[in-house]
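Q: My questions will all concern the structure given below.
Numbering (my numbering), first residue to last: 4 to 163.
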């Protein structure tokens, strides 16, 4: 199995398409000239992923003041994302990367282990992308519950 090999600060962020909460199809090329956060999480409706998503939801007014768009990505289906978004009132887009194209482009897909079992999956990582399309801050070690606070602090330092 292949190890995750995530992108780093200064790397060009890959472009990708995603669906807005209202169903509108968008692309990161639409965000050119504005910063955005791409956060990768393993699965909808799990405790850590829910805590992280709700933290980003709660900080969204502060992110919006900075002109920063938040995009969550997992390999769950669009239908799963719709339920997750609705259940927790998540106002930002969740990209359904069922083909694993986006997670592999960012290098967050790789070997994981849980209870002695090895498998491939998404590593919880995030990337703050600047208006120039380059990664301004890469988070390779993420603690779900405190991560939104950490990202907001860094974003305010970069663009506040």
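Just so it is clear, CB atoms sit at the ideal spot from N, CA and C, and this is done for glycine as well. All values derive from a computational prediction rather than experimental measurement.
I need the DSSP call for residue 134, collapsed to helix, strand or coil.
A: To locate residue 134, count along the chain shown from 1; it is residue 131. The three-state secondary structure of residue 134, taken from DSSP, is coil.
Q: What does DSSP give as the partner residues of residue 59 in its beta bridges?
A: By 1-based counting over the chain shown, the position of residue 59 is 56. For residue 59, which the question treats as bridged, DSSP gives no partner whatsoever.
Q: Under three-state DSSP, which class holds residue 80?
A: Taking the first residue of the chain shown as position 1, residue 80 is located at position 77. Residue state, collapsed to three classes: coil.
Q: To the nearest angstrom, report how far apart residue 24 and residue 73 are at their CA atoms.
A: Translated into positions along the chain shown, residue 24 becomes position 21. Translated into positions along the chain shown, residue 73 becomes position 70. Cα to Cα, residue 24 sits roughly 11 Å from residue 73.
Q: DSSP puts residue 74 in a beta bridge; with which residues?
A: One-based indexing of the chain shown puts residue 74 at position 71. 41.
Q: Is the beta carbon of residue 61 closer than 8 Å to that of residue 87?
A: As a position in the chain shown, residue 87 is number 84, starting the count at 1. As a position in the chain shown, residue 61 is number 58, starting the count at 1. Taking a C-beta distance under 8 Å as the contact criterion, residue 87 and residue 61 do not qualify as a contact pair.
Q: Please list the terminal residues of the continuous alpha helix (DSSP H) segment that includes residue 107.
A: Against the chain shown, residue 107 aligns to sequence position 104. Residue 107 -> alpha helix (DSSP H) spans 104 to 109.
Q: Assuming residue 134 and residue 51 are in contact, meaning their beta carbons sit under 8 Å apart, how far apart are those beta carbons, in whole angstroms?
A: Here residue 134 refers to the residue found at position 131 of the chain shown. Here residue 51 refers to the residue found at position 48 of the chain shown. Not really, about 30 Å apart at Cβ, beyond 8 Å.
Q: Take the Cβ of residue 128 as the centre, count every other Cβ of all protein chains shown within 10 Å, and call the residue buried at 16 or more, exposed below.
A: In the chain shown, the residue the question calls residue 128 occupies position 125. It counts as buried.
Q: So if DSSP puts residue 98 in a beta bridge, which residue, or which two residues, is it bridged to?
A: Reading the chain shown from its first residue, position 95 is the one you call residue 98. Bridge partners of residue 98: 76.
Q: Quick one, are the C-beta atoms of residue 136 and residue 54 less than 8 Å apart?
A: Within the chain shown, the letter at position 133 stands for residue 136. Within the chain shown, the letter at position 51 stands for residue 54. Going by C-beta atoms, residue 136 is not nearer than 8 Å to residue 54.
Q: Select from 122, 161, 157 the residue whose C-alpha is nearest the C-alpha of residue 7.
A: As a working mapping, residue 7 is identified with position 4 in the chain shown. It is 122.
Q: What is the DSSP secondary structure of residue 117, reduced to helix, strand or coil?
A: The residue you call residue 117 lines up with position 114 of the chain shown. Residue state, collapsed to three classes: strand.
Q: Mind checking which residues open and close the alpha helix (DSSP H) that includes residue 153?
A: Taking the chain shown and counting its residues from 1, one reaches residue 153 at position 150. Element bounds for residue 153: 150 to 162.
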